[in-house]
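The structure appears right after this line, and notes come after that.
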DNA sequence: ATACCACTCAACACCATGTTGGGTGGTAAA
DNA sequence: TTTACCACCCAACATGGTGTTGAGTGGTAT
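Protein chains in written order, with the UniProt record's numbering: chain A, 1 to 195; chain B, 1 to 195.
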């Protein structure tokens with residue numbers, strides 16, 4: 001079914017996304033116009049609207065792709081192991097996979113979570129992790145049962161803490177390896193325990 | 001020095017900000033035009049530009065005021081106690097004051113950190129806490145010295161975790177009291193320790 | 001040969017923006 | 001009381017991005 005038209009279509013979309021990303025590195029989202037994008041992509045402005053409703057749609061689709069990729073990435077490499085390990089309290093494997101995926105998509109993550117973060121991707125990421133992992137962990141863990149703190153607060157606390165690490169990593173231009181980051185994550189937890 | 005002109009000026013600015021906030025509750029920032037604001041404020045559109053450069057300037061000034069208020073609020077109520085207590089590891093007083101201030105300015109915080117968070121206020125808040133408190137604590141605490149984790153990561157982790165609690169609180173329409181929130185914060189730390 | 005496809009091009013109406021020049025009524029100082 | 005000043009109003013303007021449309025081009029499949 002992959003006709004030559006589908007290929008053209010795909011190529012143009014990639015061209016648009018690449019140009020868009022390039023612009024987002026230079027200036028904030030609000031300052032990027034469809035004109036800018038199509039000028040850099042060297043295509044007609046009307047062509048843009050054949051693929052996307054507007055620049056918000058473009059951004060949203062790129063976010064979707066990124067999150068879907070993360071989901072697939074996690075499910076493919078370790079089908080159920082991750083969740084099982086996570087439920088046992090072992091977050092190491094889980095987190096290293098996340099850090100790896102981020103490393104593979106640095107540019108986009110840096111732009112979406114970076115200084116000009118003027119689109120609520122932070123919130124989307126929070127919801128993603130919340131729906132996919134943390135809440136399951138928080139709900140299933142037997143030793144969470146006797147905790148008086150509401151689950152939603154604990155969940156939001158944990159995810160944000162993790163995202164805090166990720167954001168700092170991105171700010172540091174990925175100076176550490178994914179393994180080092182996963183290690184750091186564990187160490188912080190241990191550190192708090194011994195406090 | 002508070003002439004009648006200053007009062008008029010101030011009143012109009014408050015009017016603009018109030019109308020702006022009202023609109024932000026209805027729709028995302030990008031969809032709010034200067035026309036919308038001045039229509040609701042029942043003033044001439046040109047008048048808006050006598051007070052603000054554009055809607056981004058307006059937003060930024062409101063953020064500034066909010067952060068300056070938080071700073072003053074913290075400094076006024078307990079001049080140095082907060083930092084001293086915090087440096088001793090007692091974050092209770094510190095955090096309850098923060099929760100109280102947020103409660104006093106729910107509407108704005110909810111809009112700035114809420115679902116339509118399309119302006120990097122999350123990042124600004126992170127920097128604020130980072131510069132004012134956490135980094136001082138992290139740097140001064142003697143028992144942080146033998147920790148191998150880089151300070152910036154620990155700082156980002158801690159602040160984000162705290163903001164995670166705050167954001168969940170806002171999402172829950174401030175169902176808990178500031179004291180309960182501060183308590184919850186402490187409990188989570190203790191819980192991690194016992195994990 | 002015909003229909004289809006992605007894309008180009010030019011033109012369009014629409015709307016928000018930021019600015020300007022002139023005007024109003026109330027305030028303060030001469 | 002006159003004069004200058006002030007915040008604000010009003011109308012008009014050029015600018016520029018937006019989304020859409022109709023006509024046209026050159027390859028592709030049938």
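Every residue gets a Cβ at the ideal spot worked out from N, C-alpha and C, and that includes glycine.
Exposed or buried, residue 4 of chain B, counting other C-beta atoms within 10 Å across all chains shown (16 or more means buried)?
-> exposed
Which residues mark the beginning and the end of the alpha helix (DSSP H) in which residue 18 of chain A is found?
-> Unbroken alpha helix (DSSP H) run through residue 18 of chain A: 4-26.
Where residue 179 of chain B sits in the DSSP three-state scheme = helix
Sorted by chain position, which residues of the same chain lie with C-beta nearer than 7 Å to residue 44 of chain A's C-beta, five sequence neighbours on each side aside?
-> 38
Hey, how far is the Cα of residue 20 of chain B from the Cα of residue 29 of chain B?
-> 9 Å
Could you list the residues in the stretch 181-194 of chain A with a C-beta less than 7 Å from some C-beta on chain B, going in chain order?
-> 184, 187, 188, 189, 191, 192, 193
Taking Cβ positions, are residue 122 of chain B and residue 127 of chain A nearer each other than 9 Å?
-> no
Within chain B, the residues that residue 52 of chain A reaches when beta carbons sit closer than 7 Å = Here the premise fails: no neighbours, minimum Cβ distance about 16 Å.
Which of the three DSSP states, helix, strand or coil, is assigned to residue 88 of chain A?
-> Coil, per DSSP.
Taking the alpha helix (DSSP H) that residue 56 of chain B falls in, what are its first and last residues?
-> 55-77
Could you give the C-beta distance for residue 74 of chain A and residue 82 of chain A, rounded to a whole number, given that I count them as a contact under 8 Å?
-> 6 Å
Within 9 Å (strictly less), CB to CB, does residue 172 of chain B reach chain A?
-> yes
What's the call for residue 8 of chain A, buried or exposed, on a 16-neighbour Cβ count within 10 Å?
-> exposed
Name the two residues that bound the continuous alpha helix (DSSP H) containing residue 129 of chain B.
-> Where residue 129 of chain B is concerned, the enclosing alpha helix (DSSP H) stretches over 121-129.
Which residues mark the beginning and the end of the alpha helix (DSSP H) in which residue 158 of chain A is found?
-> 151-171
How many angstroms separate the CA atom of residue 171 of chain B from the CA atom of residue 33 of chain B?
-> 26 Å
For residue 51 of chain A, which of A:80, A:6, A:180 has the nearest alpha-carbon?
-> With distances taken between CA atoms, residue 51 of chain A lies nearest to A:6 out of A:80, A:6, A:180.
Cutoff 9 Å: residue 149 of chain B Cβ touching any chain A Cβ = yes
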